[in-house]
Amino acid sequence: MVRLWLSGGWLAILVLAAIFAPWIAPHDPLAQDLFLERLPPVWIDGAEPGYYLGTDSLGRDVLSRMIYGARIALIVAVLAGGAAALIGSTLGLLAGFYGGWTDRIVGRIIDIWMSFPPVLFAILLVAVLGTGLHSVILAIAIIDWTRFARVIRAETMAQSRMDYVASAVVIGRSRLGTLAAEVLPNVLPTLLVLFSLEMGIAVIVEAILSFVNLSISSDDPTWGGMIAEGRTQIHFAPWVLVVPMVALFLTVLSFSQFGEGLKDRIDPVLR
Amino acid sequence: MQNAILRLLTTLVTLFGVAVVVFVVIRLAPGDPIAMMLPPGASEDDIARLRANYGLDRSVPAQFGIWLSGVVQGDFGTSISLRQDVGSLVLGRLPATLELAGLALILAILLGTTLAVIGTLRRQRMAESAVDLWNGMMLSIPDFLWGLIFIVLLGVVVPLFPISGRIDPSLNPDYATNFLLLESLVRLDFRVTADLLSHMFLPALALALPLSAVIAQVLKQSLKEVMHLDYVVLARAKGFTEITVLFREALRNAVLPTLTLVGVQFTFLIGGTVIVEKLFSYEGLGNLAIDAVINRDLPLIQGIVLLFAVLFIATNLIVDLTYAALNPRLRHG
Numbered sequence: 001m002v003r004l005w006l007s008g009g010w011l012a013i014l015v016l017a018a019i020f021a022p023w024i025a026p027h028d029p030l031a032q033d034l035f036l037e038r039l040p041p042v043w044i045d046g047a048e049p050g051y052y053l054g055t056d057s058l059g060r061d062v063l064s065r066m067i068y069g070a071r072i073a074l075i076v077a078v079l080a081g082g083a084a085a086l087i088g089s090t091l092g093l094l095a096g097f098y099g100g101w102t103d104r105i106v107g108r109i110i111d112i113w114m115s116f117p118p119v120l121f122a123i124l125l126v127a128v129l130g131t132g133l134h135s136v137i138l139a140i141a142i143i144d145w146t147r148f149a150r151v152i153r154a155e156t157m158a159q160s161r162m163d164y165v166a167s168a169v170v171i172g173r174s175r176l177g178t179l180a181a182e183v184l185p186n187v188l189p190t191l192l193v194l195f196s197l198e199m200g201i202a203v204i205v206e207a208i209l210s211f212v213n214l215s216i217s218s219d220d221p222t223w224g225g226m227i228a229e230g231r232t233q234i235h236f237a238p239w240v241l242v243v244p245m246v247a248l249f250l251t252v253l254s255f256s257q258f259g260e261g262l263k264d265r266i267d268p269v270l271r
Numbered sequence: 001m002q003n004a005i006l007r008l009l010t011t012l013v014t015l016f017g018v019a020v021v022v023f024v025v026i027r028l029a030p031g032d033p034i035a036m037m038l039p040p041g042a043s044e045d046d047i048a049r050l051r052a053n054y055g056l057d058r059s060v061p062a063q064f065g066i067w068l069s070g071v072v073q074g075d076f077g078t079s080i081s082l083r084q085d086v087g088s089l090v091l092g093r094l095p096a097t098l099e100l101a102g103l104a105l106i107l108a109i110l111l112g113t114t115l116a117v118i119g120t121l122r123r124q125r126m127a128e129s130a131v132d133l134w135n136g137m138m139l140s141i142p143d144f145l146w147g148l149i150f151i152v153l154l155g156v157v158v159p160l161f162p163i164s165g166r167i168d169p170s171l172n173p174d175y176a177t178n179f180l181l182l183e184s185l186v187r188l189d190f191r192v193t194a195d196l197l198s199h200m201f202l203p204a205l206a207l208a209l210p211l212s213a214v215i216a217q218v219l220k221q222s223l224k225e226v227m228h229l230d231y232v233v234l235a236r237a238k239g240f241t242e243i244t245v246l247f248r249e250a251l252r253n254a255v256l257p258t259l260t261l262v263g264v265q266f267t268f269l270i271g272g273t274v275i276v277e278k279l280f281s282y283e284g285l286g287n288l289a290i291d292a293v294i295n296r297d298l299p300l301i302q303g304i305v306l307l308f309a310v311l312f313i314a315t316n317l318i319v320d321l322t323y324a325a326l327n328p329r330l331r332h333g
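If you read the sequences in order, they're chains A and B. Going by the UniProt record's numbering, 226 is the number at position 226 of the first sequence; the sequence numbering is gapless. Going by the UniProt record's numbering, 227 is the number at position 227 of the second sequence; the sequence numbering is gapless.
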């Protein structure tokens, strides 16, 4: 329960920051000022008022870049996670419900897909699709649909053997109608848990790709881009790296803990 | 014997499939590598000449034919951005990545086994919940973030370890191979060994932590099952201490399910080296791979991906063979 509140709290702060970024951010995230470069955060001597988390090597405000970076992180999390969920759960539902050759084909594709390490797969895909936010989202969806398909397939299979499915067919509901109206609502809780976990993964993948400069342009504020910049300044201005690192850490941990907490609450066996 | 030959054949078919897919997919990529090589103001003639030089003026199947016949003869083409032979570039970097992945695997096994043993010996007590909590954390934080955390904590706040490179440039060992760590051990050149290990420790640990959690989880689960079996109960009844029972009787039988899983997860660890090497500026394959992608260096990307595919397939093969060797039920299969 506690972890659901803590992780949910951090995610809520993040969502609010992303939505109201233009009103909250104290500075323009792109504005450079070489007279204000590498200012430390407020709790270290030499800080400048108004720059709460300091500035980077081009004099850009770290806090403002963090807030705008949250926008990109969350857009990728929702869109990529949503697309992966849509592809994966559709295939998982069909394979689990119809069985037979549909199941064999989907199962085989999942096996092949999952034998390739995701980070390498992502970098290769982005190399092919070209850099940019849309390729990052597409790459994550193309790679991670298997996470949904595998679990939803197993869950659907278990549900399909239940009496309520048989009764729905007996009273004359069509196969597809049964799947949509009876089975789907019962796998929805699992889908939600997976979606939460997937959003955490998407945030990390976006950060990795923008860290190696394969996401959107390096001027745009992304956490991964800030980490890359901070890595080169680590001995002069460690806060440029530490601030986005902590945000990334909390966000990834929150998504996974939120998912796990949700699982405990939803699953009556565990409660 | 027949099994082994069949296995080898399917492996070759898989490799060929990987080669075709990678070749075709990479040809779909937007962006012209030739345009990136030439200075602005190069004439149409220059562009055409360079294109022909790299064989890029032929059709895709013809390019694949040329590339494949080269690969069979050990010629992987020429890197466009570095203008060097792809084969020697890639093989020159491979030892660094293998040594890093190997060290990470050793760390993961040591850590994972320790956690599993603690969790099993202290079942239903505080220690077990602590192990479970720690495991959950290890699993949800990926290697990239661990790497960053170590850079900050153990590289900058408490500067115990170097955070970039493979070796101190002033040491510059004049070795015959690029397996610097192994060769320094063979030559008893421990100053070099120590320096290499201190450079490798943080990236290897970052790679090892998520894997160690997987090992701990699975090993703990199978240890738990084994600890209730009759022969363990008998050993306990004979008066052996819990630790002796665990190490002498239970562990041997609990290792098998863990082994298969470690094999699969190890391929993920090798994949993870790509980003961790970049993070620690470690001169391995992964670092080369990222530069190749950024420079759209098609021959180099192909060579690296093919080599990674070989590594994954080899890992799975080794795991299968070890499994067969350790599991007496499969010995005459």
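Built from N, CA and C at the ideal position, the CB exists for glycine as well. Keep in mind that this is a model prediction, so the values were computed, not measured.
For residue 156 (chain A), the secondary structure class from DSSP, reduced to helix, strand or coil, is helix. Taking 8 Å as the CB threshold, residue 142 (chain A) stays off the interface with chain B.
Look at residue 90 (chain A) here: in three-state DSSP terms it is helix. Secondary structure note for residue 186 (chain A): its alpha helix (DSSP H) is the uninterrupted segment 184-211. A residue is called buried once 16 or more other Cβ atoms fall within 10 Å of its Cβ, and residue 149 (chain A) is buried on that count.
Residue 278 (chain B): member of the alpha helix (DSSP H) spanning 251-279, first to last residue.
In the assembly as shown, residue 156 (chain A) is a buried residue. Its beta-carbon has 16 or more other beta-carbons within 10 Å. For the options A:53, A:100 and A:208, the alpha carbon positioned closest to that of residue 65 (chain A) is the one of A:53.
Contact of residue 70 (chain B) with chain A by beta-carbon distance below 8 Å is absent, the smallest such distance being about 21 Å. By the Cβ neighbour-count rule, residue 162 (chain A) is exposed, with fewer than 16 other Cβ atoms within 10 Å of its own. DSSP places residue 126 (chain A) inside the alpha helix (DSSP H), whose first and last residues are 118-129. In chain order, 140, 141, 142 and 145 make up the part of chain B whose C-beta sits under 8 Å from the C-beta of residue 252 (chain A). Around the CB of residue 251 (chain A), 16 or more other CB atoms lie within 10 Å, so the residue is classed as buried.
Pairing residue 238 (chain A) with residue 120 (chain B), the inter-Cα distance amounts to about 41 Å. Contact between residue 151 (chain A) and residue 190 (chain A) holds: their C-beta atoms lie close to 6 Å from each other, under 8 Å. Burial state of residue 242 (chain A) is buried, judged by a 10 Å Cβ sphere holding 16 or more other Cβ atoms.
Residue pairing by DSSP places residue 55 (chain A) opposite A:61 in a beta bridge. A contact between stretches requires three or more CB pairs, one per stretch, nearer than 8 Å, and the segment 175-187 of chain B fails this requirement with the segment 240-252 of chain B.
Residue-level contact by beta carbon holds for residue 156 (chain B) and chain A, with a gap shorter than 8 Å.
The Cβ of residue 118 (chain A) sits closer than 8 Å to at least one Cβ of chain B. Judged by beta-carbon spacing, residue 290 (chain B) lies within the 8 Å limit of residue 278 (chain B), meaning their Cβ atoms are closer than that value. Within chain B, no C-beta atom comes less than 8 Å from the C-beta of residue 77 (chain A); the nearest is roughly 15 Å away.
A Cβ-Cβ separation of about 5 Å places residue 240 (chain A) in contact with residue 56 (chain A) under the 8 Å criterion. With a cutoff of 8 Å on beta-carbon distance, residue 300 (chain B) and residue 88 (chain B) are scored as not near each other. Within the segment 228-250 of chain A, 231, 234, 235, 238, 241, 242, 245, 248 and 249 place their CB atoms closer than 8 Å to a CB of chain B, listed in sequence order.
When Cβ-Cβ separations below 8 Å define contact, residue 26 (chain B) makes contact with chain A. Listed by position along chain A, the residues whose Cβ is nearer than 7 Å to that of residue 274 (chain B) are 119, 120 and 123. Counting C-beta atoms within 10 angstroms of its own C-beta, residue 254 (chain A) has 16 or more neighbours from the protein chains shown and is therefore classed as buried. Here residue 78 (chain B) is bridged, per DSSP, to B:85. From the beta-carbon of residue 13 (chain A), no residue of chain B is found nearer than 9 Å; the closest lies around 19 Å away. The alpha-carbon of residue 47 (chain A) is positioned some 41 Å away from that of residue 131 (chain B). The C-beta distance from residue 227 (chain A) to residue 249 (chain A) rounds to 11 Å, too long to meet the 8 Å contact threshold. With its beta carbon at least 8 Å from every one in chain A, residue 201 (chain B) lies outside the interface. With respect to chain B, the C-beta atom of residue 204 (chain A) has a partner C-beta closer than 8 Å. Per DSSP, residue 176 (chain B) lies in no alpha helix (DSSP H) segment and is marked neither H nor E. Pairing residue 70 (chain B) with residue 76 (chain B) gives a Cβ-Cβ distance under 8 Å.
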